[in-house]
Each structure stands twice: as C-alpha cells, then as structure tokens.
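**Student:** Pasting a structure below so you can have a look.
There are 2 protein chains.
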Amino acid sequence: MITVLCGGVGGSRLLLSLAAVLPAERITAIVNTGDDDWFHGLYVSPDPDIITYALAGEVDPERGWGLRGDTFRWLESLRRFGHDTWFQIGDRDLATHLHRTRLMGDGVPLSEIIADIAHAFGVGVRLLPMSDDRVRTIVTSGGEDLPFQEYLVHRHAPDNVTQIRFDGADAARAAPGVLAAIAAAEAIIIAPSNPIGSIGPILAVPGIRDAIAAAAVPRVAVSPIVGGRSLQPPAAEMLRGLGFPVDAPGVARVYAGLIDALVIDESDAADAARVEAAGARPLISRTLMRDDASRRALALAVLAAARVTP
Amino acid sequence: MITVLCGGVGGSRLLLSLAAVLPAERITAIVNTGDDDWFHGLYVSPDPDIITYALAGEVDPERGWGLRGDTFRWLESLRRFGHDTWFQIGDRDLATHLHRTRLMGDGVPLSEIIADIAHAFGVGVRLLPMSDDRVRTIVTSGGEDLPFQEYLVHRHAPDNVTQIRFDGADAARAAPGVLAAIAAAEAIIIAPSNPIGSIGPILAVPGIRDAIAAAAVPRVAVSPIVGGRSLQPPAAEMLRGLGFPVDAPGVARVYAGLIDALVIDESDAADAARVEAAGARPLISRTLMRDDASRRALALAVLAAARVTP
Numbered sequence: 001m002i003t004v005l006c007g008g009v010g011g012s013r014l015l016l017s018l019a020a021v022l023p024a025e026r027i028t029a030i031v032n033t034g035d036d037d038w039f040h041g042l043y044v045s046p047d048p049d050i051i052t053y054a055l056a057g058e059v060d061p062e063r064g065w066g067l068r069g070d071t072f073r074w075l076e077s078l079r080r081f082g083h084d085t086w087f088q089i090g091d092r093d094l095a096t097h098l099h100r101t102r103l104m105g106d107g108v109p110l111s112e113i114i115a116d117i118a119h120a121f122g123v124g125v126r127l128l129p130m131s132d133d134r135v136r137t138i139v140t141s142g143g144e145d146l147p148f149q150e151y152l153v154h155r156h157a158p159d160n161v162t163q164i165r166f167d168g169a170d171a172a173r174a175a176p177g178v179l180a181a182i183a184a185a186e187a188i189i190i191a192p193s194n195p196i197g198s199i200g201p202i203l204a205v206p207g208i209r210d211a212i213a214a215a216a217v218p219r220v221a222v223s224p225i226v227g228g229r230s231l232q233p234p235a236a237e238m239l240r241g242l243g244f245p246v247d248a249p250g251v252a253r254v255y256a257g258l259i260d261a262l263v264i265d266e267s268d269a270a271d272a273a274r275v276e277a278a279g280a281r282p283l284i285s286r287t288l289m290r291d292d293a294s295r296r297a298l299a300l301a302v303l304a305a306a307r308v309t310p
Numbered sequence: 311m312i313t314v315l316c317g318g319v320g321g322s323r324l325l326l327s328l329a330a331v332l333p334a335e336r337i338t339a340i341v342n343t344g345d346d347d348w349f350h351g352l353y354v355s356p357d358p359d360i361i362t363y364a365l366a367g368e369v370d371p372e373r374g375w376g377l378r379g380d381t382f383r384w385l386e387s388l389r390r391f392g393h394d395t396w397f398q399i400g401d402r403d404l405a406t407h408l409h410r411t412r413l414m415g416d417g418v419p420l421s422e423i424i425a426d427i428a429h430a431f432g433v434g435v436r437l438l439p440m441s442d443d444r445v446r447t448i449v450t451s452g453g454e455d456l457p458f459q460e461y462l463v464h465r466h467a468p469d470n471v472t473q474i475r476f477d478g479a480d481a482a483r484a485a486p487g488v489l490a491a492i493a494a495a496e497a498i499i500i501a502p503s504n505p506i507g508s509i510g511p512i513l514a515v516p517g518i519r520d521a522i523a524a525a526a527v528p529r530v531a532v533s534p535i536v537g538g539r540s541l542q543p544p545a546a547e548m549l550r551g552l553g554f555p556v557d558a559p560g561v562a563r564v565y566a567g568l569i570d571a572l573v574i575d576e577s578d579a580a581d582a583a584r585v586e587a588a589g590a591r592p593l594i595s596r597t598l599m600r601d602d603a604s605r606r607a608l609a610l611a612v613l614a615a616a617r618v619t620p
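Protein sequences, first through last, are from chains A and B. Just so you know, we're using our numbering here: the first sequence kicks off at 1 and counts up by one. Just so you know, we're using our numbering here: the second sequence kicks off at 311 and counts up by one.
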C-alpha cells in the first residue's frame, strides 16, 4: 500500500496517474481539509470533492473542480436574496454538499462522510481526511486574515502573503486510519500540491509530520513548481510570502526532513544540485500530466523513485 | 384592508384574482404553514412559497408549485446518495429553501422570513404565516400517521383518511400581525383551499378561530368543491374521511359559525338551499379561475358578497 498526501487539483492528478498503474485498493490518500468551509449554509470540503470527482471521471475538466457540465441555476437564484455568490457551487455538485451537511448534522465524522461520498461515486482509492476535527487554513494577505477560499477564490490569490496559519490544528487529531496508513505504507508520496497551503495543513495535524519524518520507507514528493511557476495558484504566492524561493529547491526546503527524493520537471533540471543541497535526491521527469501517456510516465517515475513495483 | 385565509394552490389563485381588482397593499393573506416540513435538510414551506411564486408571476403553471421552467438536476444527483426524492425541489426553487433554512438557523422568525422572500420576489400582498411556531398537520390514513406532504405527495392522497390533527397547534401563538389583521379587516375571506387540511391548521392556532367567529365584518368563503369534486386533492378525501359530504353544503358545515356567505360554483346551484340550511348565505358564481376574465369575475363576486368596494 502506498500513502499519498494531497490537496485538490494537483493531488487528484497524481492520484489519477497512480491509479493508472496501480490497483486502486493499493492507494490511500490523506487529503487536506484545511480549505473546508461553510458556504450558503452548506459544509463544503473542496479537496476531497475534487479528488472524488476526478477519480470518478466526473470532474469538470475546464474548471478543475465541480462536476462536468454542471449548471449554476440555483446559485443564480440565490442572488435574488442578496447573498454573495463568489463561491460557486453547481446544481449537481450541491447535492454532494447537502448530503454531507445532513450527515454532519447527524454527527457522522467527516472521515465516514468522505468514504461514503467516494463510495457513491464508485471511487476505489481510499480517501482519508487529515482530521475529523475542524482545521482552518487562514492566509494573512495585505494585513487581513482570510480563510483559504476567500483568499484564493474571492480575492484571486494576491501576491502579498505574509503568514499562513492552521487554526484548530494544535488541538486536532489525525483522522482514524491516517497514522496507520503512514505506518503501514511501503512508500509515502507527496503530490504536486501547494506545499504550504495544501500539504502544510496536513503536516500541522499533531503526529502526522513526526510519523512521516520517522518513516523508514521511501518518501517521494513531486514538485508543483515547473520552470519557476506553480502549476496551480497560490503555491508560488505562498512560498514567496513565507520566504522560500519559488523553485524546486524551495519545495525541497519546505519538505526538509520529510522526503528522500523530489521528482522535478525536466525544465528545472538545472536546479538538481540545489535540490540535492536542500536534502532531497532530485529525480528528473516530465511532471505535467496532460494525457494518459504523461500520466503513466510520471506515475512510473514516482514509483521507481519510491522503489514500489506496480 | 381585506384579510384572506389561504392554503397554497387555491389560495394563490384567489389572491391573484383579488390582486387583479384591488391594490396589493389592501390584501393581507394568513397562510397555512401546517404543511411545512424538513426535506433534504432544508426547511420547506410549501403554501407560502406557492403563493409568493404565483403572485410574482413565477409559479410553474403546469405543476402549480415551484418555479416556472425549473430543472431538477440537483435532485437527480441526490439519488446517487440513496436519498428519497419523492419530495421534488427544483434547482432554482432550492435557493429559496436554502435562504430560508439559513435564516431559520440564525433565529429569524418564520413571519420575517416569509416577508423577506415575498419582498425578494416583488410581492406586494402582505403574507403572514398563521404562526411562527411549528404546527404539523398529521393525517391518519390507513391506520398510519403521516405528515401532510408524505400523505399528499408520497402516498398520493389515498381515500382512507380517518383523522387529521395539528401537532403543536395547542401551544402555538398566532404570528405577529395575524390577530390584528383579522381585527382590522373590512372583510374576511376564506380562499377555495382545502377546508380541513389547509384552512383547518390556521383555525387550530389558538385565538384565530375565535377572532373570526367574533368578527363583525362580512366573512365570505369560496367553495373548493365544484360539481361534487375538489379542485385540488385532498380536500374531498379529507371531508369524506371526517364525515362531511363532499359538496358545498359540506364546506358550509365545516365553516359553521365562521362565515356569513359561501360563494359556490354555478354547477352546484342546486345545493344552494342546503348551504343556506348549514348557516351560510349561498352566492352563485363561476368559481374556476381559468383566465383573466374568470379571475376578475370571481374576485368581484367575492368582494360584492363581502360588501367591499374595489
């Protein structure tokens, strides 16, 4: 079994790649829930949903979130009542949020809800939230403290980040199965997600960072920085804001002590020595997952780095 | 000012008729909320919504409820999670329910929520729920106690009703403005709604029946029974189940002591003497509201019976 730490879009793409070369039941994903928030009275869990929809083949390919071809009729109608509608939820997507919100109201833990939704979508990869407790990623930007989605979606990820914190993380416990999935893994993979904003919250849950730091199995991250640019906002803004260089060596520094190897894109090959100096063995591959062939190639490179036989 | 007691479909039609001949601000509607219930985690208030949508010109003309041309994409998606979807809510309609549910969660009384939604839809008629307190119409049918919507929508109104009760009515208080609207009315009108299932809950709220019984102004009901059939289910089933004849005299008996006159359809003219014997002055009109002309004609007949000058 391999265990993958992941956020939403980058996480879902790596999981899709891995699921193309490994049986789904060999993959456990520990998913960021620091972006979770309440919108329109609904509990929304962006990263687990993106992953679920993507693994089910139903994610909207243009937006990268939500369901393919979804409409937004309910949201347009909500404007009539004067509500902010900058956080978009499609008509079909909304059923997921209502289902989750009802289960939460019934006291069902988030980990069971995520498993239930993944099951309903026919997803075979095991999805675990980092915690059943509420952890909120708060971005300090331009002097304001903003919840992650407010910063990313409403403010369009401005480049003036001075701090990221994870409210509630200190008191949170890793969700059932998370520490066991790290302990039992034959390899630990960190997806090409935002190292600060998406992987950071997972590592902030007490016990998870220590478990990974202590793991005796191969630990491989995939760099989300390609040619000095982040694949998804706001990884670059956050790295820069916290004083890390926006490049593969910067990613290696964020993961210092947690990874043995960093898969970097061939466009960043010149950074290999600096990655090595930051403590991670650099592995050069093509990291963009644009089609089946590139997905398989990256997955095989990651598994080779992790010494996992598909 | 005239005050109209009403349920959903029949109530909305009479209100539309009255609003065609009277300024909207002269009309106050006291609306049944005994059908209100929770569906899919949302607080749904069927009769106030039907009336709001109808007065806004947005009700779906085929279904008689919901918004014109609405789609049901979210509901189809909800099936994936194994939920019952017999209670239909459209995509645009759902925005209303989410808005209401959020306001309820914030502790806003139902009367303010209904006014807010009516305002958002540009409705000028004043809409008051019968009560801000929860009253649930429970139909005993085939030995089972069923909430109203379960009986009507899920079970398709079977003809084996033995009892109707209004749970919570004893402890409910009339909503702010309701008793004042009865006291200040120049006439009290009872819409051609289900006398037992829609008007019954309003009359069950302590103080309302007594206020109408004691009112010194004209009190006029419009019969929902036309040619021995009810305009909407399940009025006939409920009248029969409770031992009333399914005809205009049966309606007059239900309203004994509460009305001075009953407007009956010309197809029921032969029942006029029995209506009179049941204590209400019979007024023969065409009661079907099928077009602007018939709506205006009925409204003028009702206002004439109530001695109200348009």
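A virtual CB, placed ideally from N, CA and C, is assigned to each residue, including glycine. Here the structure is a predicted model, which means the values were calculated and not measured.
Would you say A:W74 reaches chain C, if we count a Cβ-Cβ gap shorter than 8 Å as a contact?
**Tutor:** The structure shown contains no chain C; the protein chains it does contain are A and B.
**Student:** Just the chain A side, please: which residues come within less than 9 Å of B:R381 by C-beta, in chain order?
**Tutor:** Contrary to the premise, residue 381 of chain B reads as Thr rather than Arg in this sequence. Annotation: Cβ neighbours of B:T381 in chain A (cutoff 9 Å, chain order): T71, R73 and D91.
**Student:** Counting only Cβ pairs nearer than 8 Å, list the residues of chain A close to B:T411.
**Tutor:** G41
**Student:** Answer yes or no: do A:R253 and A:A278 have a C-beta to C-beta separation smaller than 8 Å?
**Tutor:** yes
**Student:** Just to confirm the assignment, what range does the alpha helix (DSSP H) spanning A:I164 have?
**Tutor:** Residue range V161 to D167 is occupied by the beta strand (DSSP E) that includes A:I164, with no alpha helix (DSSP H) assigned at that position.
**Student:** Identify every residue that forms a DSSP beta bridge with A:A174.
**Tutor:** A:S131
**Student:** Would you mind telling me which residues of chain B sit closer than 7 Å to A:S141, beta carbon to beta carbon, in chain order?
**Tutor:** Within 7 Å Cβ-Cβ: nothing; A:S141 doesn't reach chain B, min ~27 Å.
**Student:** Using C-beta distances below 8 Å, list every residue in its chain close to B:W396, excluding the 5 sequence neighbours before and after it, in chain order.
**Tutor:** V463 and H464
**Student:** Alpha carbon to alpha carbon, how far is B:R606 from B:Y363?
**Tutor:** 20 Å
**Student:** Taking C-beta pairs closer than 8 Å, name the residues in chain A that B:F458 reaches, listed in chain order.
**Tutor:** The premise fails here: B:F458 is roughly 22 Å from chain A at the closest Cβ pair, so nothing lies under 8 Å.
**Student:** Which class does B:T597 belong to by DSSP, given the choice of helix, strand or coil?
**Tutor:** coil
**Student:** DSSP three-state call for A:W86: helix, strand or coil?
**Tutor:** It is coil, neither helix nor strand.
**Student:** Below 8 Å between beta carbons: does that hold for A:S223 and A:V251?
**Tutor:** yes
**Student:** Who are the neighbours of B:G415 on chain A, taking C-beta pairs under 9 Å?
**Tutor:** G41
**Student:** Establish whether the CB of A:F81 and some CB of chain B are separated by less than 8 Å.
**Tutor:** Answer yes: the Cβ-Cβ gap between A:F81 and chain B drops below 8 Å somewhere.
**Student:** Any beta carbon of chain B sitting closer than 8 Å to that of A:A54?
**Tutor:** no
**Student:** Going by DSSP in three states, A:V251 sits in which element: helix, strand or coil?
**Tutor:** helix
**Student:** In three-state DSSP terms, what is A:R219?
**Tutor:** A:R219 falls in the strand class under three-state DSSP.
**Student:** For B:D442, collect the residues of the same chain with a Cβ closer than 6 Å to its Cβ; drop the 5 residues on either side in sequence, then sort them by chain order.
**Tutor:** Once the five neighbours on either side are set aside, the close Cβ partners of B:D442 are P419, L420, S421 and A485.
**Student:** Taking Cβ to Cβ, would you say A:V125 is nearer than 8 Å to A:P201?
**Tutor:** no
**Student:** The beta strand (DSSP E) with A:R136 in it runs from where to where?
**Tutor:** R136 to S141
**Student:** Answer yes or no: do B:A579 and B:V530 have a C-beta to C-beta separation smaller than 8 Å?
**Tutor:** no
**Student:** Using the Cβ count rule (16 or more neighbours within 10 Å means buried), how would you classify A:H156?
**Tutor:** exposed
**Student:** Pull up the distance between the alpha-carbon of B:Y565 and that of B:V585, whole angstroms please.
**Tutor:** Taking C-alpha positions only, B:Y565 is separated from B:V585 by approximately 11 Å.
**Student:** When the cut-off is 8 Å and only beta carbons count, does B:A481 lie next to chain A?
**Tutor:** no
**Student:** I'd like to know if B:A495 contacts chain A, where contact means its C-beta is closer than 8 Å to some C-beta of that chain.
**Tutor:** no
**Student:** Taking B:G400 as the reference, which of B:L413, B:F391, B:A428 and B:D370 has the closest Cα?
**Tutor:** B:D370
**Student:** Where does B:R336 fall in DSSP's three states?
**Tutor:** Taken through DSSP and simplified to helix, strand or coil, B:R336 comes out as helix.
**Student:** Strictly below 8 Å CB to CB, what residues from chain B border A:A78?
**Tutor:** Reading off the sequence shown, one finds Leu at residue 78 of chain A, where the question assumed Ala. For A:L78, the residues of chain B that pass the 8 Å Cβ criterion are A405, L408 and H409, in the order they occur in the chain.
**Student:** Along the chain, where does the alpha helix (DSSP H) containing B:A615 start, and where does it finish?
**Tutor:** D602 to A615
**Student:** Checking contacts by CB at 8 Å: is A:A118 closer than that to chain B?
**Tutor:** no
**Student:** Less than 8 Å between the beta carbons of A:P192 and A:G10, yes or no?
**Tutor:** yes
**Student:** Specify whether the segment 115-122 of chain A and the segment 400-419 of chain B touch according to this definition: at least 3 beta carbon pairs, one from each stretch, less than 8 Å apart.
**Tutor:** no
**Student:** Do you know how far the Cα of B:S355 is from the Cα of B:R348?
**Tutor:** The displayed chain sequence assigns Trp, not Arg, to residue 348 of chain B. Near 9 Å, if we compare the C-alpha coordinates of B:S355 and B:W348.
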